Each structure stands twice: as C-alpha cells, then as structure tokens.
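Engineer: Residue numbers (this note's numbering): 2 to 793.
All residues carry an ideal CB built from backbone N, CA and C; glycine is no exception.
The structure presented is a predicted model; accordingly, all values stated were derived computationally and were not measured.
Structure below; questions to follow.
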Amino acid sequence: MKTIVRACCMLCLLVLSCPIVNGQTLSGKVYGTVVDKQSQTTLPGVNVVAIAQDKTYGTSTDANGRFHIENIPLGRFTIEFSLIGYEKTALQNVSLSSVKDIFLNIELIEKVENIEEVVVKARTKDQIRNEFATISTRTFSVEESNKYAGSWGDPARMVSNFAGVITAGDQRNDIIIRGNSPIGLLWMLDGIAIPNPNHFGTFGTTGGPICMLNTNQLANSDFFTGAFPAEYGNSLSGVFDLKLRNGNNQKPEFLGGCGFNGFELGAEGPISKSKGSSYMLNFRYTLMDVMAAMGMFNVGGIPKYADLSFKIFLPTKNLGTFSVIGVGGVSHIELRDEGESMNDSSSGWTSEMLPGTNVSNGAKMGVIGLSNKYFFSEKARLESSLSASYSSSFTNVDSISAPNNFNFYNDSYSEINTSFSTKYTLKVSSKKTFQIGGMAQLMDFNFLDETYIKSMNQFVQVTNSDGKAMLYQAYFQMKNRFEEALTINWGLHGQLFELNNSISIEPRLGLNYALNGKQRISMAYGLHGQIQPMLAYFAQTLVDSASLNYLLTNKDLGFSKSHHLVAGYDLSITKNLRLKIEAYSQFLYDIPVEEKASTFSMVNYGANFHNESTDSLINNGKGKNMGLEFTLEKYLNKNFYILLTTSLYDSKYRANDQIWRNTAFNGNYTLNVLAGYELPIKNDVLSINIKTVWAGGKRFIPIDLESSIAVGQTVYDFANAYSSRYDRYFRTDFRLSFRQNQKHISQEWSFDVQNLTNHKNIFTQRYDVGSKQLVNVLQMGFFPIGSWKIYF
C-alpha cells in the first residue's frame, strides 16, 4: 500500500508541476462522413450539430457526405446528426484532445414510415455496427479499452468486463464465452478471418499474454457472444469483429510512448488530401528486454516481442475504395532453471511449472489483406477481400535434472492461410436489406510434435504432417423491418471442409421488437459449426513401435456443432442508464471425444494452454451451457461512469464414458464492477478508474497424491475430473491517468496497479517430487506499472 501512495503522490506532483493553466482555451477539429447504414452510400445535406461547454457549432454534409467542424473546445462534447427521412443519431461524451483530430464515420438508419405511436430513439452508445445483429452483441469502443482499469490497452482483456465473458487468468487473455472453450472464438479484422493475434500464443488457440492489435488503430467494433448472424461461420462460441480506422487524411499525426506493452511509435496522415487517401503505421517493441539490457532488473526469462501494424486507405473515382491492412509480430523467450530454490525469483517460471527443465518458446504471426468496396448504385454494393496469413510456433524442452542433459520434447508448427471472400448487399427498400456472400480458404500446414520415450530410447512423433486443405463457406441473410418497432433477421450459412468432405448447414434467425421508446425485447436462434484445430486432424497413433508405423486416426473428424437460443430484455431507465438482461441455452453435439471410455473432450481444449494431441477421436461428445446475464451501465455523464455485469451459468459435458461432468470452464458465476471519474482541469483531464472482479474458481483435474508418491511422478485422478475448483477468484485493479493538452503536443501519463489487494489467486497445482507435496502455483500478485504517451 505504501508503494501505491508514493506512486499516486508522484503523479499528483507531476500534474501540479505541469503548466496546466494555459492562457487560452484550446480547441480541436472534428470531421468525417455520414452514410446510409444499409447501402453504405454517402448522404449529403445531413445537419451536424456539436454541443460543447453550452455552445453550439453546426454544419452540414457536402455532396460527398463529408463534414468538418473547427474550433470546438477541448474536452467532452455531444454531436448530433439529423436528416429528413432518417432516424436521428447522437454521440455523447466524445473526447477531444489537442493535436489529434477526431474522424467520425456515422451511419444513419432510414425510417420505415412516419408514425407517432412508437418512437424508437437512437442510442448510438450501444448501437451495433453489423446491421444483421439481433442480440448478444456489444459495441467495442477503443476509448473503453484504454480507460478501463486492468485492460492494459488490450481489446481481449477489455471484453472480459462484458456479461457472458469469463475471466480465464492473469497470464493470458483467452476469451471464454458462456462456458465454451476459447478456441470457439473467431477473430476478424476488417472482414478478414485472422489467426491468433497474440504474442506467445499457443498454436491452435485464440489467446496469449500480450495482444498484437494496437488499440490506437482500432475503430468501434462488434463483439458477439452467441446466436450471431449468418455472415459468420467456423465459430462455436463468439466473434470478435474488429475494424481498423482510417488514418487522418487532413494532416500528419505522430505518436510515441512506453508502458507495459512496450515502446511504441506511430504515424498517420494524408497520401492525397484532395482524394481523401491516408496511411497509418504503428510499431512496438518489448520494454522489459530494453530495461534488462540496461541492467535495470534481472529475472529468469525476458519475454522479447515486437509487432507492426498498418492500414492504407485509397478511394478511387470509378473503382470504389481500396484498403490494404497488415498486422504481424514475433515473440521469443528462454526459461532457464538454474536449480535455485523456488523462493528465488531468478529461478523463473520453470521452477514453478516445469522444475528441472529449460524451455525455449517462440511464435510468429502475420496477415496482409487487400479489400475493395464497390458501389453499383446507391442501393447495391460489393465488398471483396484477398488475404494471406502466416502463423507458427515452436517449443523445445530439455531436462537438467537427469545425469546427462537431454532434450525430451520438441514441437514446430506452421500454417499459411490464403483466402478470398466477397459479399453483395442490396438495400431493396427501407424495409428490406439482402446480403449474400462466400469465402474460400486454403490452409497449407506443416506440423511436428515429438516426445522422447525413455523405455524405447527414441523419439515418438505425436504429429508429423504437411499438406493442404480447403474450407468453403457461403451464406445469405435478409433483414426485414416490418415497422419501426419490429425487425426480423434470418439467413442460412453453409460450410464444406474438403479434407474429409464434412458439411455443416446452419440456419440463423433473430427478432427485435421495441415495446416503446425505452424498452425492447429480442430473441435469436442459431446453429453454429466449427472445424477442429488443424493439429487435431493429424495426431498420430503408433501401431508398430519397431517400424514406427503410424495411422492418422482423427482425419475423418466432422464439425463440432452447437444450437444457440437467446432471449433478452433491454430497458433505457434514463438517457444515460441502461439495464440489459439475457438468458441463453446452448446444446453442443458432435464434439470429438476419445473412442475409448475416458473423460477427454474437445470442449475443454485450451484449459491447459498447451496443445492436446490426442488420437483416436470420434464425434460422439455432447455439452450444454445455460445461464442468465445482467448488465447495468451508466454511460459517462457528469464526469463519471459505472458498469456492473453479472453472469450466472452452468456448463456441462459428456465424454465417451457417458458421464455428465463440469467443463473446465464452469466457474458458475462472475461479477464485474467498474467505475471511473474524470476531473477536467482547464484543457486537461485527470482520470481515476477502478475495477473489481469476483468469480468462481478454476475447475481442475485433481492430483492423486498417494499414487504420485508411490510412482514418483504426477498421477491425475481422472475419475473426478473437474468436480472440484480452486478458491474463488478475486482481483481489484486501479488506474490513475492524467492527460495534458497543449497547442502542439498532447501527453498522457498513467499509473496502473494490477491486483491492488495482492489477493492470492491459484493458477494451478503441481506435484513436487522432492517434497512429495502438492504445490500451488499462484497467479499475478500486486503489480504496479506506469506508462507515458505523447501525441504531436
């Protein structure tokens, strides 16, 4: 606690020492475009009014739907958009700082008809980008990821605050939705399906310790937790549909900074002001590696990573708009166990998790995509993209506890995905919007996974395959607005996996009805299918140890499938206070389980954060998830906000032993409480944010201590798999930040504390051969960190 007090005092002194009382009130600029939400064509003549400090600033969009307003005072302001025949839209509490202009891409919804009985008020704060979304969807705001305590500027950690998303642990940002495995999540970036976008990400999973995606480059995006529209396929639990914003096409802007995510440099600006083209580029490099090289600290393993991301936006006169995006990163770590005691921090992670070993681990990921949006008319458009991605990882483990050091485990995985996708959207009328699309994806892979078997005195290859496979997807969906209050979305998604010709046909249906201007109810159903992680298909079965003859016993696995059924109630208590309740039921089937009677099921894949290469699998498993979710949110108003989310759920599975058990992710409850306050100081802002999470403990397979002592190694009690869980998870995070705006420079200092109370949350247990006892491996304790950013 003394550390916190000292840090807060230092930050306050820094604030007081800054020239915050400027002689003049600084101002900024807001510009952007306004389009029809269904057709995406620009709208001229839209009235645009900004309200800041009790003053009004107005303009209207030009023939190309563009607008700009200058000389708006810095700080929070409200901006409204109105046009005859369209529903009025307003953005509240938009934050404007010096140096960096704000670009807004506004979508207006055409009125079905002019009526007085039902007035559906636009609520842009929770308005979803995808027009076919009905329920279980939340708009992801970049400001939220930077503002919420404990988010670290990571979009994946930020969404863990939403109802239905379960906290997995402090070490990784895996997104566990409604009790499903994290591999059920689909990552999308500008309409392109991308591999795991995390440093040190385990191959075939969707999470990791540090996200490569930079929040400074993201626009508002959609996060789906179930029953998502027909556009999305090959996902069992949810979709994170991220969008990169365009760079500033009016003037160059630059960014620099350092913090937990590393050293950061960024630049954006116009390529051609007259044509509206722009570029945006950002680079980051690990901070701890540089600090260790300077001798500032010494730990057992220094994580080294770097990432680069960019977007080029090129509008044309006759061929539509083109965008080129790219994201890539590399990571590497060496974990050495020098045989020190477990209380010695220099002994590192291997003493805790894999005592007596040295571990080398690394990963790479890169994706580049070219997309085009072409308008046939004011009502019809075609959006296409061509992309290529590369992902790889390796792990080497050698023993230092044996008389002679020897390498006893190696893996090396790589995959290249090339895909083409296209979709055609037609706004038939204000009541009907139709969309049809498809995707073809070529997967080129190379997998090697081998373990040294002492009794055989040789390596046994769990996986050793290379080849190609195709995945085809096609869909159509229709949005019907029968009246202003009633909307029905329906469609069909189909998938074909060419490796074994397995097929999945998936109907989708959603309904949204506004009871009045403050209340609405929603319901949705979806059948969702997903192929297995590619590694699972090529797990080998050793049939002859003498000749090392293997069989691919998993190659015929079909899609895992899940029925999603969701019902929701939404109440706008006041203009800035919203209550949302959702109930859901999911039935999973055709889940891969072992052919023999065992507790193994792919519904638990990702619980241990390492590849589970299990052979002889069949699609005979089942699962069921059900729950109730509450969200009470007070939007930022009068300088403070509150977010309260509660998830009550139950997650069960049945493997081939025909026994229903808890899944590895069945914590049963999660409660998140977030709050924040902003104190304006002339042109500057001091912000205080706090978050508390209280959740059910992690489920685990217990260790049979007596059997472990008898055989001298860890023996698990699979008969009681996931019947027990660790003590409840509790954590409080705190964030204090100060933003200083000057005429040509804007700076932000922040101080974050993770696990403010230093609560001892258990990550896992292991058997210690030396002491013949079970040892608890803890999650992150009290962890303070500061950061600084400069915009110019």
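1. Roughly how many angstroms lie between the CA atoms of Phe783 and Gly151, to the nearest whole one?
2. Given that a residue counts as buried once 16 or more other Cβ atoms are within 10 Å of its Cβ, and exposed if not, what is Asp345?
3. Under 9 Å between the Cβ atoms of Val567 and Met524?
4. Quick one: Cα of Ile272 to Cα of Ser137, how far?
5. Determine the closest residue to Lys365 out of Asn550, Ile103 and Phe204, with distance taken between C-alpha atoms.
6. Mind reading off the beta-carbon distance from Gly267 to Lys252? Whole number of angstroms is fine, and I expect it under 8 Å.
7. Nearest to Gly668 by CA position, among Glu679, Ser238, Thr693 and Ser648, is which residue?
8. Helix, strand or coil for Leu15? Go by DSSP, reduced to three states.
9. Give every residue of the same chain whose Cβ lies closer than 6 Å to the Cβ of Leu245, excluding the five residues on either side of it in the sequence, and list them in chain order.
10. According to DSSP, simplified to helix, strand and coil, what is Ile184?
11. Between Ala157 and Gly202, how many whole angstroms is the CB-CB distance? I'm expecting something under 8 Å.
12. Given a cut-off of 9 Å, decide if Phe631 and Ala164 are closer than it, judged by their beta-carbon atoms.
13. What did DSSP end up calling Ser561 once you bin it into helix, strand or coil?
14. Identify every run of the beta strand (DSSP E) within the stretch 154 to 223, keeping only runs that are complete inside it and at least 3 residues long; order them along the chain.
15. Just to check my reading of the structure: Ala696 and Tyr730 have Cβ atoms closer than 8 Å, yes? What is that Cβ distance to the nearest angstrom?
16. Please report the distance separating the alpha-carbon of Met2 from that of Gln587.
17. In the DSSP output, what is Arg732 paired with across the bridge?
18. Strictly by DSSP, which residues pair up with Tyr453?
19. Are the CB atoms of Leu282 and Ser310 within a distance shorter than 9 Å?
20. Express the C-alpha separation of Asp571 and Asn1 in angstroms, rounding to a whole number.
21. Looking at the strands, I want to know which residues DSSP matches up with Phe376.
22. Does the Cβ of Pro508 have 16 or more other Cβ atoms within 10 Å, making it buried, or fewer, making it exposed?
23. Please go through the same chain and pick out, in chain order, the residues whose beta-carbon is closer than 8 Å to the beta-carbon of Leu109, but skip the five residues on each side of it.
24. Beta-carbon separation of Val694 and Thr168 under 9 Å?
25. How many Å lie between Ser747 and Ile195 at the Cα?
26. Closer than 8 Å is the cut-off here; do at least three beta carbon pairs connect the stretch 626 to 644 with the stretch 178 to 186?
27. Looking only at its own chain, which residues have a Cβ that is under 6 Å from the Cβ of Ala51, when we skip the five neighbours before and after it?
28. Around the C-beta of Ser466, are 16 or more other C-beta atoms found within 10 angstroms, so that it is buried, or is it exposed?
29. Rounded to the nearest angstrom, what separates Ser388 and Gln496 at their Cα positions?
30. Hey, quick one: how far does the alpha helix (DSSP H) through Ser709 stretch, first residue to last?
31. Helix, strand or coil: how does DSSP classify Met444 here?
32. Can you list, in chain order, the residues of its chain with a C-beta nearer than 7 Å to that of Ser820? Leave out the 5 residues immediately preceding and following it.
33. Taking only three categories from DSSP, how would you classify Met471?
34. What three-state label does DSSP hand Ser347 in the structure shown?
35. Where does Val604 fall in DSSP's three states?
36. Cα-Cα, which of Leu243, Phe446, Val49 and Asn199 is closest to Arg130?
Structural biologist: Looking at the coordinates:
1. 12 Å
2. Bear in mind that the predicted position of Asp345 carries a pLDDT of just 39, short of 50, making it unreliable; the figure below should be weighed with that in mind. Label assigned to Asp345: exposed.
3. yes
4. 39 Å
5. Phe204
6. Wrong, their Cβ atoms sit about 15 Å apart, outside the cutoff.
7. Ser648
8. For Leu15, the predicted structure reports a pLDDT of 44, less than 50, and the residue's modelled location is therefore unreliable. The matter cannot be settled from this model.
9. Asp191, Gln218, Lys312 and Ile326
10. helix
11. Not really, about 11 Å apart at Cβ, beyond 8 Å.
12. yes
13. strand
14. 186 to 190
15. 4 Å
16. Residue confidence is low: Met2 scores 47 on pLDDT, short of 50, so the model does not pin down where it sits. Its coordinate-derived value is still stated next. The straight-line gap from Cα to Cα measures roughly 44 Å.
17. Val694
18. Phe460
19. yes
20. It is not possible to answer for residue 1, since the shown part of the chain is limited to 2 through 793.
21. Arg382
22. exposed
23. Val35, Val36, Asp37, Lys38, Leu44, Val47, Phe82, Leu84, Tyr87, Glu88 and Thr90
24. yes
25. 33 Å
26. yes
27. Tyr58, Ile70, Ile73, Phe78 and Ile80
28. buried
29. 19 Å
30. Leu706 to Val712
31. strand
32. A query on residue 820 cannot be resolved here, the shown segment of the chain reaching from 2 to 793 and no further.
33. strand
34. Residue placement at Ser347 is poorly supported in this model, since its pLDDT is 37, which falls under 50; the coordinates still yield a value, given next. Ser347 falls in the helix class under three-state DSSP.
35. helix
36. Leu243
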